[in-house]
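Contents: one structure, followed by commentary.
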Amino acid sequence: MSRNNSFVKNGFLAVFYALLVSCFVVEICEVRFPSFFTIDDAQNEYLGFLRQYGQTWLSGEIPFITKNIFIGDNAMVELQRGIFAPQNILASLVTCLTTNPLITGWFYALCNVFICCISGYIIGRSLEISRDISLLLGFSIAINPVFLYQYAGPWWNAANGHAWSLLAIATYCQLRQRMTTGAVIANFAATLVLLASGWPHGFIGYLAVVAGFSCVDLAYGDPIKLLFRRCVPLLLAGIAAIPVYSEYVYLHPLLNRATGWENADNFMVPSLSQLLVTFSPTYYEFMNYFGGYKSVFIPVGFSTLFALPVAIFFRTSVRDRVLAACLVILGITTALALMPSQMGILRWPLRFVPYVSVFAAITTFYVFSKKDIVESSARRNVFFGITALLFVVSASKNVFERPKVVALELLTSIALVAVWFLYARSKKITGKDIGLIIPAAIPVFSLLLMLASMPSLGRIYLPVNVLPSHVSVPASVNMQGNLLSFVPWSREHPKEAADLQSSLFGYYNIRALNGYSPNGQDYTDAVLTHDTSHTIFKPDDIIPKLASAVMLPGNPCLFDLFAVSSMVVSSDTYQKYHHDFLACGYHKVATAQSGMLYLSTPKTYPFNLAYSTQTGVTVERETANSMTFSVPAHTAPVRMVLSRQWWPGYTAQGLNCKVNVSGFQDVLVQVDVPAGCSGKLTVSYFPHTWPLALVCLLMGVLGLVVFLWQLSRERKLQLILQMR
Numbered sequence: 001m002s003r004n005n006s007f008v009k010n011g012f013l014a015v016f017y018a019l020l021v022s023c024f025v026v027e028i029c030e031v032r033f034p035s036f037f038t039i040d041d042a043q044n045e046y047l048g049f050l051r052q053y054g055q056t057w058l059s060g061e062i063p064f065i066t067k068n069i070f071i072g073d074n075a076m077v078e079l080q081r082g083i084f085a086p087q088n089i090l091a092s093l094v095t096c097l098t099t100n101p102l103i104t105g106w107f108y109a110l111c112n113v114f115i116c117c118i119s120g121y122i123i124g125r126s127l128e129i130s131r132d133i134s135l136l137l138g139f140s141i142a143i144n145p146v147f148l149y150q151y152a153g154p155w156w157n158a159a160n161g162h163a164w165s166l167l168a169i170a171t172y173c174q175l176r177q178r179m180t181t182g183a184v185i186a187n188f189a190a191t192l193v194l195l196a197s198g199w200p201h202g203f204i205g206y207l208a209v210v211a212g213f214s215c216v217d218l219a220y221g222d223p224i225k226l227l228f229r230r231c232v233p234l235l236l237a238g239i240a241a242i243p244v245y246s247e248y249v250y251l252h253p254l255l256n257r258a259t260g261w262e263n264a265d266n267f268m269v270p271s272l273s274q275l276l277v278t279f280s281p282t283y284y285e286f287m288n289y290f291g292g293y294k295s296v297f298i299p300v301g302f303s304t305l306f307a308l309p310v311a312i313f314f315r316t317s318v319r320d321r322v323l324a325a326c327l328v329i330l331g332i333t334t335a336l337a338l339m340p341s342q343m344g345i346l347r348w349p350l351r352f353v354p355y356v357s358v359f360a361a362i363t364t365f366y367v368f369s370k371k372d373i374v375e376s377s378a379r380r381n382v383f384f385g386i387t388a389l390l391f392v393v394s395a396s397k398n399v400f401e402r403p404k405v406v407a408l409e410l411l412t413s414i415a416l417v418a419v420w421f422l423y424a425r426s427k428k429i430t431g432k433d434i435g436l437i438i439p440a441a442i443p444v445f446s447l448l449l450m451l452a453s454m455p456s457l458g459r460i461y462l463p464v465n466v467l468p469s470h471v472s473v474p475a476s477v478n479m480q481g482n483l484l485s486f487v488p489w490s491r492e493h494p495k496e497a498a499d500l501q502s503s504l505f506g507y508y509n510i511r512a513l514n515g516y517s518p519n520g521q522d523y524t525d526a527v528l529t530h531d532t533s534h535t536i537f538k539p540d541d542i543i544p545k546l547a548s549a550v551m552l553p554g555n556p557c558l559f560d561l562f563a564v565s566s567m568v569v570s571s572d573t574y575q576k577y578h579h580d581f582l583a584c585g586y587h588k589v590a591t592a593q594s595g596m597l598y599l600s601t602p603k604t605y606p607f608n609l610a611y612s613t614q615t616g617v618t619v620e621r622e623t624a625n626s627m628t629f630s631v632p633a634h635t636a637p638v639r640m641v642l643s644r645q646w647w648p649g650y651t652a653q654g655l656n657c658k659v660n661v662s663g664f665q666d667v668l669v670q671v672d673v674p675a676g677c678s679g680k681l682t683v684s685y686f687p688h689t690w691p692l693a694l695v696c697l698l699m700g701v702l703g704l705v706v707f708l709w710q711l712s713r714e715r716k717l718q719l720i721l722q723m724r
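All residue numbers for the sequence shown refer to full-length UniProt numbering, where the first residue is 1 and numbers rise by one.
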């Protein structure tokens, strides 16, 4: 009973500690730099789509398609948005129910820092590290610089995936310790959510950890059957997650995703020294990063100040199974972090660095928990020599770019000596615990040092737009249709629709062709050509195409089929294509404060029905995934074009005849109704592969039930044998 009480007590303490860490990290980062957690892709992509997804969830639909954002509308191929991950569902609801654009970033940061912190604690306890050092491990993992700066601020999907991969690793460590029903279910659930988060680097990092542990366990004599059983929840979660990926795989020939194997300019590939100097929160190395080859003022490989003293003054042995596994995993993850810039569909090895840092921290605190200290003059000289050399090398490199960093690097050197002197040399560590001050003080100090030298990625490496709660639209602009904006890049302080870019229109509930997609759709990209996944449109390529007449009754412009009611163009573009705009019915109606021009047409498109050969067709209802039409009696075939991006999966139901749904030029949705067929027609989207793929979800869950039943039978049989 006392053991159970101790477990509950320590569990509550860990949760409380993780909550405090989460609140502290988020608050101190936001105080240091407002918008710390809402920059770059967080604004350009996620806020707009999250608001649309939240509105769709609240309406009772699954947000397969976003009806108000054209580019990147299909969530089933935009895996990075992970619409089925719990955090993303909650974040979408938070986004659509609030008006402060920073709240979503705070929500994600609180959730993910908490998961990282509690995962570190679980990993520590599973590896038989003491309670307080496990708390220290959790805090150190939660302030990993790549996670905190690069993920939690700009790349919310990466932060989600990394956090859940750590929880999957933690539950796997529990499985290694003891295969209980709770551990199996926890590992299955964590792995399933990890896969649903759509962060491939997170899953590959998790597989690398499982592979490392399994190889070492096999070398130490564990039977293959046992190793396989530990992987069963992972395999079952993989089967259950097939519906998340099936549509992406099926539609891959339509996608414009960059693939291949190349290393152009070594972009986002860290140096080995950045990974080796894992003990310094102020070691800054040069790397090809956003903005060119420069000193990156975040400590890419930082894990903990304890690493160097532990490596020099603590006795270790590779005969220790856990230590051997950690070293093997460090080798695997380091290799991944130094791979070429592009590996198939995987890009930028910097994304594997957090796993190097995590296992450097785990290795450090595992050795630290053994408390077998060895001192000698030679070790001391090596320690002080490395500390001094690190300061000289790093300071001499960075003094020309940011002189104040030198003082911060000196503080790091002093801290390294202090850690050795106070907690290693004087041996103020009891047999079980080190108290709760150290688990907080050391990471806090490291975090403050990092934030002092690099307050955020905002304005230094990446642009920051200070988003308002609302934006204005001139009354003369026709918003009854899609807006097409040719703004090159948005303004730092947007105030009106002409200041926005990418999917931010969706955040302000403005229907737009603009969006965000790292995958793209080949045929759409050929018409709406753009630079980067931000979809910064190229007017010289697009306007002549959209202004051309389409071979349909009435000879509409292609603008009409995209339901473009208004545009935002520069004055130069307006002068250059003035006659094209007039020919398609667009006139200048307003001028933005930025100097951009608003053009509008008298035509209105209150729904995404852009064109019909039968004027009597009306839209009765439109949702994210479907449109319901009233088709009157007619004697000639009816062709409709919807201003929605074409994907296989659109079907039609409701009429007593076969209605064909296809792609108009493989870009827009085309509906052909035979002559004499009238009534209510519903055109809807449902993932093409799901009738088969959903069976895999059931198979994965059923497999888990069978596996748990088998474990239960084995335990009962063991109890019976023991009683005899």
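Quick reminder that beta carbons are idealized off the backbone N, C-alpha and C, glycines included.
Counted as a single uninterrupted DSSP element, the alpha helix (DSSP H) harbouring PHE188 occupies residues 181-196. The stretch 107-119 and the stretch 14-22 touch, with no fewer than 3 CB-CB distances between them shorter than 8 Å.
Taking C-beta separations shorter than 7 Å and ignoring five residues to either side along the sequence, the partners of ALA693 in its chain run ILE242, PRO243 and SER246, following chain order. When the beta-carbon positions are compared, LEU47 and THR95 come within less than 8 Å of each other.
DSSP, read as helix, strand or coil, puts ASP672 in strand. Straight across, the Cα-Cα distance linking TYR611 with SER59 is about 27 Å. Taking a cut-off of 8 Å for Cβ pairs, the stretch 323-331 and the stretch 356-368 touch, as three or more such pairs fall below it.
Note on the stretch 622-704: whole beta strand (DSSP E) runs with a minimum of 3 residues are 626-631, 638-645, 650-653, 660-664, 668-673 and 679-685, in chain order. The C-alpha of GLU401 lies about 12 Å from the C-alpha of ILE460. Taking C-beta atoms under 8 Å as the contact rule, ILE89 and ILE123 fail to qualify, at a distance of about 27 Å. Secondary structure at TRP164: helix, using DSSP grouped into helix, strand and coil. In this model, PRO691 and HIS162 are separated by some 31 Å (Cα to Cα). The alpha-carbon separation between LEU350 and LYS588 amounts to approximately 47 Å.
Two segments are said to touch when three or more pairs of C-beta atoms, one from each, lie closer than 8 Å; by this definition the stretch 270-282 does not touch the stretch 216-235. Under a 10 Å Cβ-count criterion, MET627 is classified as buried, with 16 or more other Cβ atoms of the shown protein chains found around its own Cβ. Straight-line measurement puts the Cα of GLY54 at about 13 Å from the Cα of LYS67.
GLY138 has no beta-bridge partner at all, per DSSP. A straight line joining the alpha-carbon of ASN263 with that of SER341 spans about 5 Å. Secondary structure at ASN555: coil, using DSSP grouped into helix, strand and coil.
A Cβ-Cβ distance of about 4 Å is found for the pair LEU599 and MET567, placing them in contact under the 8 Å criterion. For MET287, there is no enclosing alpha helix (DSSP H); the residue is part of the beta strand (DSSP E) that begins and ends at 286-289.
One thing to note: GLN174 has its Cβ within 8 Å of the Cβ of SER126. Under DSSP, ILE69 shares a beta bridge with ALA512.
In the DSSP assignment, ASN608 falls outside any beta strand (DSSP E) and carries neither an H nor an E.
If you check the CB distance, SER643 and LYS680 do not come in under 8 Å. For VAL466, there is no enclosing beta strand (DSSP E), as DSSP marks it with neither H nor E.
Around the beta-carbon of PRO253, fewer than 16 other beta-carbon atoms lie within 10 Å, marking it exposed.
For LEU484, the closest C-alpha among the options THR601, VAL399, VAL146 and PRO403 is that of THR601.
For the pair PHE228 and ASP522, the Cα-to-Cα distance works out to about 41 Å. Under the DSSP assignment, GLY124 falls in the alpha helix (DSSP H) whose first and last residues are 103-126. A straight-line Cα-Cα distance of about 19 Å links ASN608 and GLY585. The criterion of a C-beta distance shorter than 8 Å is not satisfied by ALA85 and PHE107. By a beta-carbon distance limit of 8 Å, VAL661 contacts TYR650. Their separation comes to about 5 Å. Per DSSP, the continuous alpha helix (DSSP H) segment holding ALA526 begins and ends at 522-527. In the DSSP assignment, LEU408 falls within the unbroken alpha helix (DSSP H) covering 404-419.
Boundaries of the alpha helix (DSSP H) harbouring VAL210: 200-219, taken from the DSSP string.
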